[in-house]
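Encoded as structure tokens, the structure appears first; notes follow it.
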Amino acid sequence: MRDVLIVGAGPTGLALGIDLARRGVDALVVDKADELFPGSRGKGYPDSPLTEDTRTEPAGTVRAGDRAPDGETAAGKRLFDVLRGPHWTLLAVGTDAALPPLGVPEARIAGHSDQGAYGRGVFLIRPDGYVGWAGETAAGLTEYARRVGVTG
Ligand SMILES: Cc1cc2nc3c(=O)[nH]c(=O)nc-3n(C[C@H](O)[C@H](O)[C@H](O)COP(=O)(O)OP(=O)(O)OC[C@H]3O[C@@H](n4cnc5c(N)ncnc54)[C@H](O)[C@@H]3O)c2cc1C
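In numbering that gives the first Met the number 0, the protein residues as written are 0 to 151.
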């Protein structure tokens, strides 16, 4: 016998199931579908209150709310490998701008080589791999991090 039955394994049901499990509540998630949805329903969070883009004229094509593209970091690693895991990541692309001490992993992409879709700027990548915050510098980033509860 379970304490809670959650009907529907979409984002809402799954998030509720995770939250209850973390609180020690015995919940079961069920879904009428036999298989997972075959496509993608998550292209991004444009204009969501979860994201913020402070740039007036973004140099690249990436916007806050978009999926974070790959790249090669100045340390010679694939950015996707740096982003992987349940943590936020602070990313500086083509800039030596000082980064605030958020207690999260940091990566830099050199200005001359692999800026790619990012353009020059500072980015905070969410644990789900989407760009949460984007700016020409890190001005305002600490306030955003506090508002959305960034943790390392
Ligand atoms: C093509 C597409 C692209 C999208 N792109 C984006 C995007 O880029 N960004 C964004 O934020 N949102 C996007 N969305 C919207 C996003 O997918 C929805 O907001 C989100 O899925 C809603 O989550 P939910 O859990 O409330 O409902 P759903 O995801 O609809 O989940 C409901 C679940 O309940 C199950 N269910 C229903 N009835 C029963 C029943 N009687 N018994 C058992 N199970 C049942 C269903 O099978 C389903 O799995 C997109 C949606 C689509 C279709």
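Glycine included, every Cβ here is placed at the ideal spot set by N, Cα and C.
This one's a predicted model, so the numbers in the text were calculated from it and none came from an experiment.
- With respect to V130, V81 sits apart: the two C-beta atoms are not nearer than 8 Å.
- A residue is called buried when at least 16 other Cβ atoms come within 10 angstroms of its Cβ; V29 does not meet this threshold and is exposed.
- Residue pairing of A91 in beta bridges, as defined by DSSP: R107, V121.
- Closest in alpha carbon position to L78, among A96, L98, E105, is E105.
- Secondary-structure assignment with DSSP links D65 through a beta bridge to G43.
- When secondary structure is reduced to three states using DSSP, G131 falls in the strand class.
- Distance from the CA atom of D69 to the CA atom of A32, rounded to whole angstroms, is 33 Å.
- The DSSP-derived three-state label of V28 is strand.
- Sequence-distant Cβ neighbours of G139 in its own chain, meaning closer than 6 Å and more than five residues away, are T53.
- Counted as a single uninterrupted DSSP element, the alpha helix (DSSP H) harbouring V147 occupies residues 140–147.
- Between E56 and Y143, the CB-CB gap reaches or exceeds 8 Å.
- Put simply, the stretch 85–95 touches the stretch 115–129. At least three CB pairs are less than 8 Å apart.
- Rounded to the nearest angstrom, the Cβ distance from P99 to P126 is 18 Å, too far for a contact under 8 Å.
- Taking the Cα positions, A67 is about 42 Å away from M0.
- Annotation: V6 to A97 spans about 47 Å, alpha carbon to alpha carbon.
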